[in-house]
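Asker: Each residue of the sequence shown is one higher than the last, beginning at 6 in our numbering.
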Amino acid sequence: MSVIPINKPSITNLEIEYVNDAIKNGWGENCYNYINKFEKLFSNHIGTNYAVATSSCTGAIHLSLLALGIGPGDQVIVPELTWVATVEPVLYLGAEPIIVDVEKDTWCIDPRSIEEAITNKTKAIIVVHLYGNVCQMDEIMKIANKHNLKVLEDSAEGIGSKFDSKRVGSIGDLGVFSFHGTKTVTTGEGGMIVTNSEKFAKKIRILNNHGRNPEDPDHSVYWMRNYGYKYKISNIQAAIGCAQTERINELIEKKIKIFNWYKELLGHLPVKLNPKPAKGENGFWLPTIIDMRENYYCVEEVISKAKTKKIDLRPFFSPLSSLPFLTNKNNKVAYSLSTRGINLPSFHDITYKQCKDVVKFLDQFF
Ligand SMILES: *Cc1c(COP(=O)(O)O)cnc(C)c1O
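(1) Suppose you measure from the CA of Glu144 to the CA of Lys315; what does that come to, to the nearest Å?
(2) To the nearest angstrom, report how far apart Lys13 and Val190 are at their CA atoms.
(3) Compare the Cα-Cα distances from Val139 to each of Leu68, Ile355, Tyr302 and Ser175 and report the closest residue.
(4) Taking the alpha-carbon positions, what's the Gly137 to Pro222 distance?
(5) Please find out if some non-hydrogen atom of ligand 1 comes closer than 7 Å to the beta-carbon of Glu162.
(6) Jot down the residue ranges of each uninterrupted alpha helix (DSSP H) in the stretch 119-156, minimum 4 residues, whole runs only, in chain order.
(7) What is the residue span of the alpha helix (DSSP H) that Ile176 lies within?
(8) So, is His50 buried or exposed, given that buried needs 16 or more other C-beta atoms within 10 angstroms?
(9) Which whole runs of the beta strand (DSSP E) in the stretch 285-350 are 3 residues long or more, in chain order?
(10) Quick check on the burial criterion: 16 or more other C-beta atoms within 10 angstroms. Buried or exposed for Thr124?
(11) Quick one: does the C-beta of Asp159 sit closer than 7 Å to a heavy atom of ligand 1?
(12) Give, in chain order, every unbroken run of the beta strand (DSSP E) that is at least 3 residues long and sits entirely within the stretch 172-241.
(13) Can you tell me which of Ile119, Trp112, Asn201 and Asn300 puts its alpha carbon nearest to the alpha carbon of Thr293?
(14) Looking at the unbroken alpha helix (DSSP H) that takes in Val364, where does it start and where does it end?
(15) Can you determine whether any heavy atom of ligand 1 sits closer than 7 Å to the C-beta of Thr63, and answer yes or no?
(16) Report back the beta-carbon spacing between Ile238 and Gly180 to the nearest angstrom; my notes put them in contact at under 8 Å.
(17) Please report the straight-line C-alpha distance between Tyr357 and Arg252, rounded to a whole angstrom.
(18) Using CA atoms only, rank isn't needed, just tell me which of Asn214, Val89 and Ala206 is closest to Phe330.
(19) Are the CB atoms of Gly177 and Val156 within a distance shorter than 8 Å?
(20) Is His353 near ligand 1, judged by its Cβ being under 7 Å from some heavy atom?
(21) Would the stretch 195-212 and the stretch 56-76 be scored as touching if the rule is three or more Cβ pairs under 8 Å?
(22) Put Phe371 into one of helix, strand or coil per three-state DSSP.
(23) Could you tell me the alpha carbon to alpha carbon distance between Ile261 and Ser48, rounded to whole angstroms?
(24) Does the count of Cβ pairs from the stretch 65-79 and the stretch 296-304 closer than 8 Å reach three?
(25) Is it the case that the CB of Glu194 approaches a heavy atom of ligand 3 more closely than 7 Å?
(26) By how many angstroms is the C-alpha of Leu325 removed from the C-alpha of Ile130?
(27) With H, G and I counted as helix, E and B as strand and the rest as coil, what does DSSP make of Glu101?
(28) Determine contact between the stretch 230-247 and the stretch 91-111, defined as no fewer than three beta-carbon pairs at a distance below 8 Å.
(29) Does the distance from the CB of Val364 to the CB of Pro350 come in under 8 Å?
(30) What does a CB cutoff of less than 6 Å around Asn30 pick up in its chain, not counting 5 residues either side in sequence?
(31) Need the endpoints of the beta strand (DSSP E) that Tyr55 sits in, please.
(32) Name the one or two DSSP bridge partners that Ile114 has.
(33) Just tell me which of Leu328, Asn201, Gly76 and Val173 has its CA closest to the CA of His134.
(34) When you compare only the Cα positions, how much space is there between Gly33 and Ala27?
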């Protein structure tokens, strides 16, 4: 029996055709063709005026925080439950992450905890649409506007998710996405920043090009006023991204179908799955169960036993504040979810039979 992986991309002849074209013809005057097309396709899908492709979502977050002017002495509010990449760029910039609790129903940042954490040093809030679940964007934007804070939506896991009728990533000042090989849309490694602000889009393009500003009166190819960074994606990776974005509705529909299979198959167990937002949609990047019993299973035991059955399960993220380089916080909801949560295999090509095998395996722990 082969391994049931947690995630892997869906690659078709379209991706192969575009990559072949990029590798044969995407040089010289054509060296940005797929990058430009990828940015257009993606911003059209998300519904923003601008998109800038990057080499990773981590780099996209770094550039976003730079564009927002975050630096030493500033505080940035982040949720307790997320991948470490959400917070690392805050540390790169010498700013202070303020880690707040999540909601028990959405598993996403709790608007009340945000409000309680605001000080006169707070500059921005990074919200994370965890596993495809959707943050309470109306309340969050209200708080941000009231306190004059910027909002960055870490939508790395939010392809296919909507708050109301808007796609996540398009609601805050800036949104970022990941195209890592485990995500719903992939380029192998890659990321994207989306925004409706021309000012931020321009600033980010300059920052991502070593500080070179095409409007600089002193502009020459090798002269720049300020230093910058470089988190560019390659044309070859962007070719994969073009094919994936042309197939994006199919990729999202498959994720939703897999979630619904699990929902049906897990109906008899005392577990909670990713919630659907009251208004909007969940793209269900990663179906996840939370054991609702008082004496819940030991996550480590379930996962190590699964490995012997060649089923790749993952634990919920460790609370950020439990990491040795961050400051411990008493964020009770997040710590509780983290000890009860397990992510389920959900690559696009998983079969109903494989989902059934996963659930049959889980049955023994209840
Ligand atoms: C995957 C992920 C990232 C980082 O993406 P990379 O493209 O690997 O840099 C950031 N935030 C969240 C929430 C993620 O899941």
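Ideal Cβ positions, reconstructed from N, Cα and C, are used throughout, including at glycine. Model, not experiment: these values are computed from the prediction.
Answerer: Let's see:
(1) One-based indexing of the sequence shown puts residue 144 at position 139. One-based indexing of the sequence shown puts residue 315 at position 310. Computed Cα separation, rounded: 42 Å.
(2) Translated into the one-based positions of the sequence shown, residue 13 becomes position 8. Translated into the one-based positions of the sequence shown, residue 190 becomes position 185. Answer to the nearest angstrom: the Cα atoms are 10 Å apart.
(3) What you label residue 139 is simply residue 134 of the sequence shown in a count that begins at 1. When each option's Cα is compared against that of Val139, the closest is Ser175.
(4) As a working mapping, residue 137 is identified with position 132 in the sequence shown. As a working mapping, residue 222 is identified with position 217 in the sequence shown. Cα-Cα distance, rounded: 44 Å.
(5) To locate residue 162, count along the sequence shown from 1; it is residue 157. For ligand 1, at least one heavy atom lies less than 7 Å from the Cβ of Glu162.
(6) 142-152
(7) Here residue 176 corresponds to residue number 171 of the sequence shown, with the count starting at 1. Here Ile176 belongs to no alpha helix (DSSP H), and DSSP marks it neither H nor E.
(8) By 1-based counting over the sequence shown, the position of residue 50 is 45. His50 is buried by the Cβ-count criterion.
(9) 293-296 and 346-348
(10) Counting from 1 along the sequence shown, the entry for residue 124 is found at position 119. Exposed, by the Cβ-count rule.
(11) Sequence index remark: in the sequence shown, residue 159 carries index 154 (1-based). Indeed, a heavy atom of ligand 1 lies less than 7 Å from the Cβ.
(12) 179-183 and 196-200
(13) For this step, residue 293 is matched to residue 288 along the sequence shown. Cα-wise, what sits closest to Thr293 is Trp112.
(14) For this step, residue 364 is matched to residue 359 along the sequence shown. Taken as a continuous stretch (DSSP letters only), the alpha helix (DSSP H) holding Val364 covers Tyr357 to Asp368.
(15) For the purposes of this step, residue 63 is taken as the residue at position 58 of the sequence shown. Yes, the beta carbon of Thr63 sits closer than 7 Å to at least one heavy atom of ligand 1.
(16) Counting from one through the sequence shown, the residue named residue 238 turns up at place 233. Counting from one through the sequence shown, the residue named residue 180 turns up at place 175. In fact, because the Cβ distance is near 17 Å, the residues do not count as touching under 8 Å.
(17) As a position in the sequence shown, residue 357 is number 352, starting the count at 1. As a position in the sequence shown, residue 252 is number 247, starting the count at 1. Computed Cα separation, rounded: 22 Å.
(18) Walking along the sequence shown from the start, residue 330 turns up at place 325. Minimum Cα distance to Phe330 is reached at Val89.
(19) Taking the first residue of the sequence shown as position 1, residue 156 is located at position 151. Taking the first residue of the sequence shown as position 1, residue 177 is located at position 172. Yes.
(20) As a first step, residue 353 must be located in the sequence shown, where it is residue number 348. Every heavy atom of ligand 1 is 7 Å or more from the Cβ of His353, so no.
(21) yes
(22) Sequence index remark: in the sequence shown, residue 371 carries index 366 (1-based). DSSP places Phe371 in coil when its eight states are reduced to three.
(23) As a first step, residue 261 must be located in the sequence shown, where it is residue number 256. As a first step, residue 48 must be located in the sequence shown, where it is residue number 43. Looking at the two C-alpha atoms, the distance is approximately 22 Å.
(24) no
(25) For the structure depicted, ligand 3 is absent and the ligand set comprises only ligand 1.
(26) The residue labelled residue 130 in the question sits at position 125 within the sequence shown. The residue labelled residue 325 in the question sits at position 320 within the sequence shown. Cα to Cα, the separation comes out at about 15 Å.
(27) Taking the first residue of the sequence shown as 1, we reach residue 101 at position 96. Correct three-state label for Glu101: strand.
(28) no
(29) For this step, residue 364 is matched to residue 359 along the sequence shown. For this step, residue 350 is matched to residue 345 along the sequence shown. Not a contact, by the Cβ cut-off of 8 Å.
(30) What you label residue 30 is simply residue 25 of the sequence shown in a count that begins at 1. Cβ within range, chain order: n/a, list empty.
(31) Position 50 of the sequence shown, counting from 1, holds the residue named residue 55. From DSSP, the beta strand (DSSP E) with Tyr55 extends over Tyr55 to Thr59.
(32) Residue 114 sits at position 109 when you count from the first residue of the sequence shown. For Ile114, which the question treats as bridged, DSSP gives the partners Val107.
(33) Stepping through the sequence shown from its first residue, residue 134 is reached at position 129. For the residues Leu328, Asn201, Gly76 and Val173, the minimum Cα distance to His134 belongs to Val173.
(34) Along the sequence shown, one-based indexing puts residue 33 at 28. Along the sequence shown, one-based indexing puts residue 27 at 22. Rounded to the nearest angstrom, the two C-alpha atoms are 11 Å apart.
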